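Enquirer: Pasting a structure here, questions to come.
Residue numbers (my numbering), protein chains in the order written: chain A, 12 to 285; chain B, 160 to 593; chain C, 131 to 364.
Printed below as a string of structure tokens:
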């Protein structure tokens, strides 16, 4: 049905296939290039991230999806020789402008990581940390309220309500990841970036996180990197396929997984890379 | 069965080949274990010998011979000014009071007899009597039984180091003195007791009253300076280099030099201290302040290297987590990285301090080897330190110093073990919090 | 069909086996159609009972394909073109089974007709219908093999000829019945046989639509030409 696809740059499209633009974007990226030293990790990515939707980034390892995700809240700043070109806007404000402070940016664009990484502190302190450093709560009562609400929204309150003073690292993997999500939403971000949030979890814990993400998209704009295509298919509104640093194709999840337009996307989705 | 393909060994062939090689592998494993045991055995034997030698010599160093005398404390004689001032007591005749008690006990008569008897008792006895009166003036005018240290020659005789078989003129103790000693023994006035001079005495040429108090306090003051300088500087350097410094040529050179500094012989730091602080700035010699600074320079690389290792051991995911909720770089370091790295940093610091505690060479260079009787009251008073004290005592001729040296080594070792215990305690305490 | 391979070769094997099975099912149904056409055009019972028995094989093959489709979906979670292939193969299998049923039904009716010995059997038209629908099946399976949407559309459009033939046969049989009511029983069966072939043609267009979906990921949206006028002038 389709010709054999060789994995080489000559097969990459010069522009992204599918619907790059959306009507109600929360973040927009235009012609983004990312370099590690001289090596180009991301090339010419233009993508809108729609408000209150989940967009999944899929693609083979090393395709640049995590790199691109980390551009969205400038987590790449911590990498010494990482350079970002192009325009990434949050509310018409280029987040890579010289005068932009990353601290408020990261409060608005939160992040959940691959490995659950709670602070080695109590459950309460884990969630309260963000509000504390940003001065979100004016009283102890308010802070307590934020902690409870965040844990509830992360579906963890009932499990930990009686042991808030215990260490966050003593929880199970799935609970830890939900704690991390609670910590991220405690600072009321607008966008939450998730870098393979379930890759270290068992299927049951994964299902709970997926259910949680599905609920959270009512309130938050979520960008998720995943290696599980099933996961992308289950919870995301839109799916973007990255390959060798390019955004090959993006579109409605249902379309991407039933009838992808680009042969690279098709080969990846049907498991034909080897 | 089909013809075996090239590169594929049939399972049964593989099993037989594995079995054939088993004996050889087991033998080599056994051999390796044996080598390991031999190595540990040798190390333990050396350690055992060291401890046996130190303890057999050192334990007697904690004890010495005393004589109990009934002294009549005549108010006029001891305190001629009558105001109980130190000056007045020094003007008084403490020696006379002790001697007359000694003559009474030994029954020494005549000039030569009294001279021989007088040499039995330590020169420290007078000081002890004065101190007793200063502490308790109500003793004045009373007849009190007091314990005085015997002279080190008498001590050596009582320990059996001086043989009667040796002709009298070659002995440090003559026959008359032996007679007196035997008489005192018969009267049960001589006792073998814990040596308070060792712990509370300061440096002295007289071994029976020489002690480590001065050196111990000197060591503490020096270490305090060393810790106050090296810990904050070392930790700050490590944090800056690990977390904030840009990775470029200059930081690379700094890094290499810090690592090299750790390998510089300690005596070189002593010369540096001598040249900079004493020669250039004209600061006094022998003071714990300079000693501390020099030792701080010496321990800095150790602290920096171990602190950097501790910082690097903090999982990057914790930094990501903090940065991810919008903590600034400094907040990330202060709230998360430092607390997690602290146990490792403290361990490195205490190891560095223990090194500094045992250091002699650089302190010799800045003159902390001077013979100082006074106990230093501040970091700018001349003083010495424990290892230098041990070094000096080891050099002295008197027999009794052999025991004192070993006893001081035991004190130093106990101190080191204590510091290591503190390190372990701190580490386990901090780690249990997480 | 797949020219580039899956990382998992067992997945390739599963898809290949399914395609092969649906091909052999199509061959079997074709054989059934040919056999019944032969008996019908000569009006001689030429192994019709055997044919009827053989329909069991058709049913068995269909259920095998559907079982395998369920397995592949459960175990391999196929996506995109693989998913379409699995869905299409099991759908085609179901359609082929129905075609087989019609072949069997036609065989039963043929037996009755041969027994009744009617006079006015429009053998030529029926044979034409039969060979045309059989060819449609052959062609649509070729289109499936090549994932050729164009050929599939061609097959789909050729159904109009079958419809026209059906109208013709229908009219002639109705006319014959009006003229000679003694032959009513045989003629009713003839009507049904003609209807069967018309249905088989419809099913072939169904397969053609599946092939189009397989190739394009969407369904044919054009209107299909129809020429079955039997219901208007009864």
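For each residue, glycine too, the CB sits at the ideal point set by N, CA and C. Just so we're clear, the structure is a prediction, and the values are computed from it rather than from any experiment.
Applying a beta-carbon distance threshold of less than 8 Å, which residues of chain B neighbour residue 126 of chain A?
Expert: What residue 126 of chain A touches in chain B: 476.
Enquirer: Of all the options B:483, B:411, B:501, B:360, which has the alpha carbon lying nearest to the alpha carbon of residue 531 of chain B?
Expert: Checking every option, the nearest Cα to that of residue 531 of chain B belongs to B:360.
Enquirer: Looking at C-alpha atoms only, which residue of B:358, B:164, B:339, B:321 is the closest neighbour of residue 349 of chain B?
Expert: The shortest Cα separation from residue 349 of chain B among B:358, B:164, B:339, B:321 belongs to B:339.
Enquirer: Count the other C-beta atoms from every protein chain shown that fall within 10 angstroms of the C-beta of residue 439 of chain B, then say buried if there are 16 or more, exposed otherwise.
Expert: By the 10 Å Cβ count, residue 439 of chain B comes out exposed.
Enquirer: Mind checking residue 149 of chain C: buried by the 16 CB within 10 Å criterion, or exposed?
Expert: Residue 149 of chain C comes out buried.
Enquirer: Which class does residue 16 of chain A belong to by DSSP, given the choice of helix, strand or coil?
Expert: Because residue 16 of chain A sits at a pLDDT of 47, beneath the cut-off of 50, its placement in the model cannot be relied upon, and the following sentence gives the value as read from the coordinates. Three-state result, residue 16 of chain A: coil.
Enquirer: Three or more C-beta pairs under 8 Å: does that hold for the region 253-267 of chain A against the region 62-78 of chain A?
Expert: A contact exists between the region 253-267 of chain A and the region 62-78 of chain A.
Enquirer: Under 8 Å between C-beta atoms, does residue 275 of chain C make it to chain A?
Expert: Answer no: the Cβ-Cβ gap between residue 275 of chain C and chain A never drops below 8 Å.
Enquirer: If I measure Cβ to Cβ from residue 355 of chain C and keep anything under 7 Å in the same chain, skipping five residues before and after, which residues do I get?
Expert: So the list reads 287, 290, once near-sequence residues are dropped.
Enquirer: Between B:464, B:170, B:550, B:355, which lies nearest to residue 517 of chain B when the distance is taken from Cα to Cα?
Expert: Residue 517 of chain B has its Cα closest to that of B:550, out of B:464, B:170, B:550, B:355.
Enquirer: Any contact between the region 413-424 of chain B and the region 528-546 of chain B? By contact I mean 3 or more CB pairs, one from each, below 8 Å.
Expert: No, the region 413-424 of chain B does not touch the region 528-546 of chain B.
Enquirer: Just to confirm the assignment, what range does the alpha helix (DSSP H) spanning residue 162 of chain A have?
Expert: Here the alpha helix (DSSP H) through residue 162 of chain A covers 151-164.
Enquirer: Counting only beta-carbon atoms, is residue 6 of chain A nearer than 8 Å to chain B?
Expert: This structure cannot speak to residue 6 of chain A, because chain A is shown only from 12 to 285.
Enquirer: Just the chain B side, please: which residues come within less than 7 Å of residue 214 of chain A by C-beta, in chain order?
Expert: The premise fails here: residue 214 of chain A is roughly 23 Å from chain B at the closest Cβ pair, so nothing lies under 7 Å.
Enquirer: Just mark residue 59 of chain A as buried or exposed, buried being the case when its beta carbon has 16 or more other beta carbons within 10 Å.
Expert: Answer is buried; the Cβ neighbour count reaches 16.
Enquirer: At which residue ranges does the region 73-161 of chain A contain complete beta strand (DSSP E) runs of 3 or more residues, listed in the order of the chain?
Expert: Within the region 73-161 of chain A, the complete beta strand (DSSP E) runs of at least 3 residues are 93-101, 120-123.
Enquirer: What's the gap between the Cα of residue 400 of chain B and the Cα of residue 167 of chain A?
Expert: In a straight line, the C-alpha of residue 400 of chain B is about 39 Å away from that of residue 167 of chain A.
Enquirer: In this structure, does DSSP put residue 529 of chain B in helix, strand or coil?
Expert: Of the three classes helix, strand and coil, the one that applies to residue 529 of chain B here is coil, per DSSP.
Enquirer: Below 6 Å CB to CB, which residues in the same chain sit around residue 121 of chain A once its five sequence neighbours on both sides are set aside?
Expert: Only 195, 200, 203 meet the Cβ criterion.
Enquirer: Less than 8 Å separating the beta-carbons of residue 233 of chain C and residue 320 of chain C?
Expert: In this structure, residue 320 of chain C does not lie closer than 8 Å to residue 233 of chain C by Cβ.
Enquirer: Which bits of chain A does residue 487 of chain B rub up against, with CB to CB less than 7 Å?
Expert: Ordered by position in chain A, the residues that pass the 7 Å Cβ test against residue 487 of chain B are 114.
Enquirer: Tell me the DSSP secondary structure of residue 536 of chain B in three-state form.
Expert: Looking at residue 536 of chain B - three-state DSSP - the assignment turns out to be coil, as it is neither helix nor strand.
Enquirer: Taking CB distances under 8 Å as the criterion, tell me whether residue 212 of chain C reaches chain A.
Expert: It does: the Cβ of residue 212 of chain C has a partner Cβ on chain A nearer than 8 Å.
Enquirer: Using CA coordinates, which residue listed in C:179, C:260, C:246 is at the minimum distance from residue 314 of chain C?
Expert: Closest by alpha carbon: C:246.
Enquirer: Going along the chain, which residues of its own chain have a beta-carbon closer than 6 Å to the beta-carbon of residue 552 of chain B, five neighbours each way excluded?
Expert: If we look at residue 552 of chain B and ignore the five residues flanking it on each side, its Cβ neighbours are 560, 563, 564.
Enquirer: Report, in whole angstroms, the separation of the C-beta atoms of residue 333 of chain B and residue 327 of chain B, which I expect to be a contact under 8 Å.
Expert: About 6 Å separates the two Cβ atoms, so the contact holds.
Enquirer: Would you say residue 38 of chain A lies against chain B (beta-carbon separation less than 8 Å)?
Expert: No - not a single Cβ of chain B is within 8 Å of the one on residue 38 of chain A.
Enquirer: Could you check if residue 333 of chain C is buried or exposed, using at least 16 other CB atoms within 10 Å of its CB as the buried criterion?
Expert: Buried, since its Cβ has 16 or more Cβ neighbours within 10 Å.
Enquirer: Would residue 178 of chain C and residue 240 of chain C qualify as a contact pair, given that the criterion is a beta-carbon distance under 8 Å?
Expert: A contact, by the Cβ cut-off of 8 Å.
Enquirer: When you compare the CB positions of residue 130 of chain A and residue 480 of chain B, do they come within less than 8 Å of one another, or not?
Expert: For residue 130 of chain A and residue 480 of chain B, yes; Cβs fall inside 8 Å.
Enquirer: Measuring CA to CA, which of B:288, B:539, B:436, B:308 is closest to residue 299 of chain B?
Expert: For residue 299 of chain B, the nearest C-alpha among the options comes from B:288.
Enquirer: Comparing alpha-carbon positions, which option in A:192, A:105, A:30, A:53 lies nearest residue 38 of chain A?
Expert: Out of A:192, A:105, A:30, A:53, A:105 has the C-alpha closest to the C-alpha of residue 38 of chain A.
Enquirer: Any Cβ of chain A within less than 8 Å of the Cβ of residue 141 of chain C?
Expert: So yes, residue 141 of chain C belongs to the interface.
Enquirer: What do you reckon, are the CB atoms on residue 223 of chain A and residue 165 of chain A nearer than 8 Å?
Expert: Going by C-beta atoms, residue 223 of chain A is nearer than 8 Å to residue 165 of chain A.
Enquirer: List the endpoints of the continuous alpha helix (DSSP H) containing residue 317 of chain C.
Expert: Taken as a continuous stretch (DSSP letters only), the alpha helix (DSSP H) holding residue 317 of chain C covers 314-346.
Enquirer: What three-state label does DSSP hand residue 407 of chain B in the structure shown?
Expert: If DSSP states are grouped into helix, strand and coil, residue 407 of chain B belongs with coil.
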